[in-house]
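*Asks:* Sending over a structure as structure tokens; questions will come in a sec.
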Amino acid sequence: MKQLLDFLPLIIFFAVYKFADIYTATGALIAATAVQLVVTYLLYKHIEKMHLITFAMVTVFGALTLFFHDDAFIKWKVTIVYGLFAVGLAVSQLMGKPALKSMLGKEIQVKDTIWAHVTWYWVAFFIICGVVNIYVAFSLPLETWVNFKVFGLTALTLINTVLTVVYLFKHMEKPPEETQP
Numbered sequence: 221m222k223q224l225l226d227f228l229p230l231i232i233f234f235a236v237y238k239f240a241d242i243y244t245a246t247g248a249l250i251a252a253t254a255v256q257l258v259v260t261y262l263l264y265k266h267i268e269k270m271h272l273i274t275f276a277m278v279t280v281f282g283a284l285t286l287f288f289h290d291d292a293f294i295k296w297k298v299t300i301v302y303g304l305f306a307v308g309l310a311v312s313q314l315m316g317k318p319a320l321k322s323m324l325g326k327e328i329q330v331k332d333t334i335w336a337h338v339t340w341y342w343v344a345f346f347i348i349c350g351v352v353n354i355y356v357a358f359s360l361p362l363e364t365w366v367n368f369k370v371f372g373l374t375a376l377t378l379i380n381t382v383l384t385v386v387y388l389f390k391h392m393e394k395p396p397e398e399t400q401p
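FYI, the numbering for the sequence shown is 221 to 401, going by the working numbering.
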């Protein structure tokens with residue numbers, strides 16, 4: 221349920237874009253993201269920082285897109301969000317408090333060097349996705365960018381999540397074995 225809720229604004233954005241235009245889709249994205257926050261809070265009594273950041277960025281860049289009737293703002297939102305995630309992960313790692321370890325460290329026990337590898341991998345991933353988004357958004361047709369945003373970036377994120385989980389499980393610390401009497 222939670223994963224569907226995470227993707228719902230993106231699905232609504234895509235569907236509305238296909239039946240209307242980028243501006244109507246942007247308005248629907250803002251509304252769907254707001255509804256996502258409310259429903260998440262009602263169901264789980266908690267809203268993750270990532271969702272708040274995404275909502276703030278969608279609202280600001282979506283409003284600019286609608287106000288100036290310029291789709292460049294909503295296109296930049298993707299890169300800026302990825303940039304913020306990359307900076308957040310990098311700063312948390314440099315401060316010795318890796319964000320990924322804070323989120324997953326209770327369930328997955330690995331050495332700090334492994335958490336560092338995973339963190340820097342995701343920093344690089346977010347930077348690369350941000351740069352590729354700029355290229356696709358401003359060099360290719362709008363239709364291509366929408367498809368890339370919805371399907372390409374989502375697929376890349378899911379693939380990288382699976383790769384990360386496999387890597388972490390491969391390096392999980394084994395619990396000490398009890399000796400038999």
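The beta-carbon is built from N, C-alpha and C at its ideal position, and this holds for glycine as well.
Between which two residues does the alpha helix (DSSP H) carrying residue 363 extend?
*Replies:* Residue numbering aside, residue 363 sits at position 143 when the sequence shown is read from its first letter. Unbroken alpha helix (DSSP H) run through residue 363: 362–367.
*Asks:* Assign residue 290 to one of three DSSP states: helix, strand, or coil.
*Replies:* Counting from 1 along the sequence shown, the entry for residue 290 is found at position 70. Reduced to three states, the DSSP call for residue 290 is coil.
*Asks:* Less than 8 Å between C-beta atoms, sequence neighbours within five positions excluded: which residues of the same chain meet that for residue 391?
*Replies:* One-based indexing of the sequence shown puts residue 391 at position 171. Taken in chain order, the residues that qualify are 330, 331 and 334.
*Asks:* Who are the Cβ neighbours of residue 236 in its own chain at under 6 Å, not counting the five residues just before and after it?
*Replies:* By 1-based counting over the sequence shown, the position of residue 236 is 16. Here the set comprises 244, 245 and 248.
*Asks:* Candidates 257, 295, 224 and 288: which alpha carbon is nearest residue 359's?
*Replies:* Walking along the sequence shown from the start, residue 359 turns up at place 139. If we check each option's Cα against that of residue 359, 295 comes out closest.
*Asks:* Taking the alpha carbon of residue 348 as the point to measure from, which residue in 289, 269, 387 and 372 has its own alpha carbon closest?
*Replies:* Along the sequence shown, one-based indexing puts residue 348 at 128. Here the closest residue by C-alpha is 372.
*Asks:* Counting Cβ pairs closer than 8 Å, one from the stretch 271–287 and one from the stretch 297–305, do we hit at least three?
*Replies:* yes
*Asks:* For residue 383 and residue 226, I'd like the C-alpha separation in whole angstroms.
*Replies:* Translated into the one-based positions of the sequence shown, residue 383 becomes position 163. Translated into the one-based positions of the sequence shown, residue 226 becomes position 6. One C-alpha to the other measures close to 20 Å.
*Asks:* Assuming residue 379 is part of the alpha helix (DSSP H), what are its boundary residues?
*Replies:* The residue given as residue 379 occupies position 159 in the sequence shown. Bounds of the alpha helix (DSSP H) holding residue 379 are 373–390.
*Asks:* Rounded C-beta distance between residue 319 and residue 303? I'm assuming under 8 Å.
*Replies:* Here residue 319 corresponds to residue number 99 of the sequence shown, with the count starting at 1. Here residue 303 corresponds to residue number 83 of the sequence shown, with the count starting at 1. Not confirmed; about 15 Å, so no contact.
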